[in-house]
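Participant:
Numbering (my numbering), first residue to last: 20 to 342.
1) With DSSP as the reference, please indicate the residues paired to residue 30 in a beta bridge.
2) Straight-line CA distance for residue 93 to residue 87?
3) Look up residue 203 in the DSSP assignment and say whether it is helix, strand or coil.
4) Applying the criterion that 16 or more other CB atoms from any shown protein chain within 10 Å of the CB defines a buried residue, is residue 131 buried or exposed?
5) Write down every uninterrupted run of the alpha helix (DSSP H) in the segment 63 to 150 whose length is 4 residues or greater and which is fully enclosed by it, in chain order.
6) For the 8 Å Cβ check, are there 3 or more pairs between the segment 272 to 287 and the segment 59 to 66?
7) Under a three-way DSSP split, which group does residue 309 fall into?
8) Using the DSSP secondary-structure output, state which residues sit across from residue 236 in a beta bridge.
9) Roughly how many whole angstroms lie between the Cα atoms of residue 184 and residue 91?
10) Since I believe residue 115 is in contact with residue 161 (beta carbons under 8 Å), could you give me their beta-carbon distance rounded to a whole number of angstroms?
11) So, helix, strand or coil for residue 184, using DSSP?
12) Given this structure, state the Cα-to-Cα distance separating residue 238 from residue 258, to the nearest angstrom.
13) Does DSSP put residue 288 in a helix, in a strand, or in coil?
14) Which residues in the same chain have their Cβ closer than 7 Å to the Cβ of residue 121, if we skip the five residues on either side of it in sequence?
15) For residue 23, I'd like the list of residues in its chain whose CB is within less than 8 Å of its CB, leaving aside the five on either flank, ordered along the chain.
16) Please classify residue 34 as buried or exposed, where buried requires at least 16 neighbouring CB atoms within 10 angstroms.
17) Sort 280, 140, 170 and 242 by Cα distance to residue 270 and report the nearest one.
18) For residue 110 and residue 240, I'd like the C-alpha separation in whole angstroms.
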């Protein structure tokens, strides 16, 4: 369906848990509060919402967290959503720590893509940024996913003074495994400090200095706003998601469902519709609530204007709202 600004909204990110096995400093730092299981959507409720959304034109679902695979039965949920009429694509975003054990099942289910969050290829830096992770586990998951023929992408947040010197290493990883690496600009949400982020304008400048033959890639790589580049003769691609320096709100096609049932039309605002209350009613009431929330989606985020317009700025952690 279309929102009030004429944008087609056909993509919904679904957070199934606020829990994670890592403690990444900008997403879910140590000491953060978690909600009880009784406060989050059941899988049956998630499927019901996805069915209602599909009847309104949602065609693509992204399963997120927290870390989705720490919730038991995640693959069963993916299987159920894949069977919904009208849903054309189901993908998942994960940190990759326990993904390896699910690759075969995800392949059998027919998962349409796996996005793996990875900010460094250095073991010590990885332990520092994640709080408790093991780099080798995520690297094995990336390799197994790529070898299984699953569309595999790496999401990387470059930060000043921490990992910006690794951008070439990540590009080489993409070329070597024939996968996509997307550099995502840091957004001022939750514990994230956008001033520490690296501009994708700078990233593209550095990449083209290293590989002068890098050229725009107009082929479709996924659901989101990434702008892709390819290196002639090499497999894999480089994607840039420029949330701050390349604002793409005019073509935004997504909404987000939190694990507690809030449908968020925009990541940048704390506003949304609590679908929990509508799950007690009819399917018609649920669809109408979703339709209204989508229609009233804000025209644009206000990340660059937080000092003057932050009455409804989102301050929850990314793990609580679904990245």
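Virtual Cβ for every residue (Gly too), placed ideally from N, Cα, C. Computed from a predicted model, the values in this text were never measured in an experiment.
Facilitator: With the structure as the only source:
1) 79 and 273
2) 7 Å
3) strand
4) buried
5) 93 to 101, 122 to 128 and 142 to 149
6) yes
7) helix
8) 247
9) 37 Å
10) 6 Å
11) helix
12) 12 Å
13) strand
14) 88 and 94
15) 314, 315 and 316
16) buried
17) 242
18) 13 Å
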